[in-house]
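Participant:
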Amino acid sequence: MKFQGPRGTQDILPEAAAGWQALEDRARQVSARHGYREIRTPIFEATELFLRGVGETTDIVTKEMYTFADKKGRSLTLRPEGTAGVMRSLVEHGLAQAGRIHRLWYLGPMFRYDRPQAGRYRQFHQWGAECVGTENPNADVEIILLLVDYLASFGLEKTKVLLNSVGHPGCRPAYAEKLRAYLAPHKESLCGDCQMRFEKNPLRVLDCKVPHDKEVAQGIPSILDSLCDDCRTHFDAVQKGLDALGVVYELDPRLVRGLDYYTRTAFEVHDLARGAQSALGGGGRYDGLVEAIGGPAVPGVGFSAGLERILNALEEQGRRPVFQADGVFVARMGGEAIEKAALALVRSLRQSLPVTFDFESTKSLGAQLKQADKLGARWAVILGEDELSASEATVKDLKAGAQERVALAGLADHLMKNRENAR
Ligand code: AMP
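According to my numbering, the sequence shown holds residues 233 to 655 in order.
(1) Who are Y298's beta bridge partners in DSSP?
(2) Alpha helix (DSSP H) containing E409: first to last residue?
(3) When the Cα atoms are used, what is the spatial distance from K649 to E288?
(4) According to DSSP, N370 sits in a beta bridge with which residue or residues?
(5) Using 8 Å as the threshold, is the region 264-271 in touch with the region 288-300, meaning 3 or more CB pairs across them?
(6) Using the C-alpha atoms, what's the distance from L640 back to V501?
(7) Roughly how many angstroms lie between the CA atoms of R320 and V522, to the nearest whole one?
(8) From the DSSP output, which residues share a beta bridge with G514?
(9) Could you please give me the residues that DSSP links to W359 through a beta bridge?
(10) From E657 to V613, what distance separates their C-alpha atoms?
(11) Based on the DSSP output, what are the partners of G559 in its beta bridges?
(12) Are there any heavy atoms of the ligand AMP lying less than 7 Å away from the beta-carbon of G534, as far as the coordinates show?
(13) Taking 7 Å as the cut-off, is the beta-carbon of G538 closer than that to any non-hydrogen atom of the ligand AMP?
(14) Do you know offhand how far T588's Cα is from R260's?
(15) With DSSP as the reference, label Q603 as helix, strand or coil.
(16) Beta carbon of E313: closer than 7 Å to some heavy atom of the ligand AMP?
(17) Are the CB atoms of D503 and S510 within a distance shorter than 8 Å?
(18) Output the distance between the C-alpha atoms of E592 and Y338, rounded to the nearest integer angstrom.
(19) Rounded to whole angstroms, what's the CA-CA distance from S621 to T594? Just pull it up for me.
(20) Examine the Cβ distances between the region 534-549 and the region 578-586 and report whether three or more of them are shorter than 8 Å.
(21) Roughly how many whole angstroms lie between the Cα atoms of K304 and G317?
(22) For Y353, verify whether its CB is less than 7 Å away from any heavy atom of the ligand AMP.
(23) In whole angstroms, give me the CA-to-CA distance for K174 and K390.
(24) For the beta strand (DSSP E) holding S397, just list the boundary residues, first then last.
(25) How big is the Cα-Cα spacing for R651 and I570?
(26) In the DSSP assignment, the alpha helix (DSSP H) including T241 goes from what residue to what residue?
(27) Among the residues of its own chain, which have a CB less than 7 Å from the CB of C423, if the five just before and after it don't count?
(28) By how many angstroms is the C-alpha of L615 removed from the C-alpha of A574?
(29) Using DSSP's beta-bridge definition, name the partner residues of F276.
(30) Helix, strand or coil for K441? Go by DSSP, reduced to three states.
(31) Taking Cβ positions, are V398 and R464 nearer each other than 8 Å?
(32) Please report the straight-line C-alpha distance between P528 and H466, rounded to a whole angstrom.
(33) CB of R347 to nearest heavy atom of the ligand AMP: below 7 Å?
(34) Please report the distance separating the alpha-carbon of L643 from that of A249.
(35) Whole angstroms are fine: how far does the CA of G473 sit from the CA of P312?
(36) Taking 7 Å as the cut-off, is the CB of Q236 close to at least one heavy atom of the ligand AMP?
As structure tokens, then:
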């Protein structure tokens, strides 16, 4: 019997793991530099949390959730996104309080029962950040910058920021009415889902993936003309903040994002090199979310970014992060005494350096060095009779070809310096 991984999932093989580690390390680094602290929440939650926190009219909730009953009959769902769980956690631990600001980030797998295709998986990974506890437009700017600066740190510059404001529950109903008036003559031609959305939440029509419906959505009245004074002032301040920092963006009145809980700012960052599935990440403000899941009225703004998509974009632009080829390979030539000394040397060097060696002690030096090359090592440390009797080793730079004798006592320091210099 042959097994295959479930449809829409991917194995990350050792070849690709270096790229993942680079993305994750950078996410940790950039988050910390912006003052964001990590939060880890379970990968499954009560189904009800997503119904309330993501929205009952969204595609995620109506079509894409991995929902199951546990042995006690509780309905649980594999998290389709990270924000609802993070807010649930803040509320549960009494940390969600108006005026108390939390800068948080998370990273991990998300699950959506979607049609798998390039850039779309059923298990995928998101790095996300949330700035909770303030309505200040500077927080929106900070969140957008966090994502933009993360992408720029990889040299991913062919990206585009799309920006919109979706208003708030005070001014959105008036826009929903305008939208219904615009959509009414097209209603019969819209897909079944959109006919339902038309009644329940017409903004969702803007999110439809059906080509005809997308075309209809091209001509919609702009939501920006329907914003109330407060939302308009907030949106102006977000734009001014981005302008002041030289962040280039495009206004997109059709950008409503896939989740119901967004208020005011909505944004996405797209990879210009891609047509479909080009969104690398996106987010927005969700001032009503914490209350919607039973907490106090606490505003927030955040984003999530798809790591698979970012990795693909990096690969396509020839910037795939690789495992640092600065490891050490210990080769040995000789009898039992050399073998013993070589294995002890491997162990001691491993306290400070990445070190491998060939398990076969009888291979020729040439064969061992070939193995070193295959493993991507940068330096070979060669131990033979000659070296051992002088308490030295030969260090060969496998890239430059040069070699030198180094005293065993100072070998680790010497190699570490070499690595430093090679960076
Ligand atoms: P969302 O939570 O839908 O706003 O998605 C945020 C980001 O996660 C998107 O911009 C994508 O980069 C990524 N993403 C969302 N859904 C998927 C998926 N099914 N497969 C891969 N990446 C995804």
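Glycine included, C-beta positions come from ideal geometry on N, C-alpha and C.
Facilitator: Here's the rundown:
(1) In DSSP, Y298 forms a bridge with L310.
(2) Following the DSSP letters along the chain, one finds E409 inside the alpha helix (DSSP H) bounded by residues 404-415.
(3) The alpha-carbon atoms of K649 and E288 are separated by roughly 58 Å.
(4) Beta bridge pairing from DSSP links N370 with no other residue.
(5) Contact between the region 264-271 and the region 288-300 is absent, because fewer than three Cβ pairs lie under 8 Å.
(6) For V501 and L640, the distance between alpha carbons rounds to 52 Å.
(7) The alpha-carbon atoms of R320 and V522 are separated by roughly 8 Å.
(8) Its beta-bridge partners are E500, S536.
(9) DSSP output for W359 lists L339, A537 as bridge partner(s).
(10) Here the chain covers residues 233 to 655 and nothing more, so residue 657 does not appear.
(11) For G559, which the question treats as bridged, DSSP gives the partners A609.
(12) No, the beta carbon of G534 sits no closer than 7 Å to any heavy atom of the ligand AMP.
(13) Set against 7 Å, the gap from the CB of G538 to the closest heavy atom of the ligand AMP is smaller.
(14) Each residue's Cα considered, the two are about 28 Å apart.
(15) Looking at Q603 - three-state DSSP - the assignment turns out to be helix.
(16) E313 has its CB nearer than 7 Å to a heavy atom of the ligand AMP.
(17) Yes, the Cβ-Cβ distance between S510 and D503 is below 8 Å.
(18) For the pair E592 and Y338, the Cα-to-Cα distance works out to about 43 Å.
(19) The C-alpha of T594 is placed about 20 Å away from the C-alpha of S621.
(20) Because the criterion of three Cβ pairs below 8 Å is not met, the region 534-549 and the region 578-586 do not touch.
(21) Going by the C-alpha atoms only, they are around 21 Å apart.
(22) At least one heavy atom of the ligand AMP falls within 7 Å of the beta-carbon of Y353.
(23) Past the edges of the chain, shown from 233 to 655, lies residue 174, and the structure says nothing about it.
(24) From DSSP, the beta strand (DSSP E) with S397 extends over 391-397.
(25) Roughly 26 Å between the two C-alpha positions.
(26) No alpha helix (DSSP H) holds T241; DSSP gives it neither H nor E.
(27) Excluding its 5 nearest sequence neighbours in each direction, C423 has C-beta neighbours in its own chain below 7 Å: C440, V442, D445, listed in chain order.
(28) C-alpha separation (whole angstroms): 7 Å.
(29) L310, per the DSSP bridge assignment.
(30) Of the three classes helix, strand and coil, the one that applies to K441 here is coil, per DSSP.
(31) A distance of 8 Å or more separates the beta carbons of V398 and R464.
(32) Rounded to whole angstroms, P528 to H466 spans 22 Å at the Cα level.
(33) No, the Cβ of R347 stays beyond 7 Å of every heavy atom of the ligand AMP.
(34) Distance between the alpha carbons of L643 and A249: 29 Å.
(35) C-alpha of P312 to C-alpha of G473: approximately 31 Å in a straight line.
(36) Remark: the shortest separation between the CB of Q236 and any heavy atom of the ligand AMP does not fall under 7 Å.
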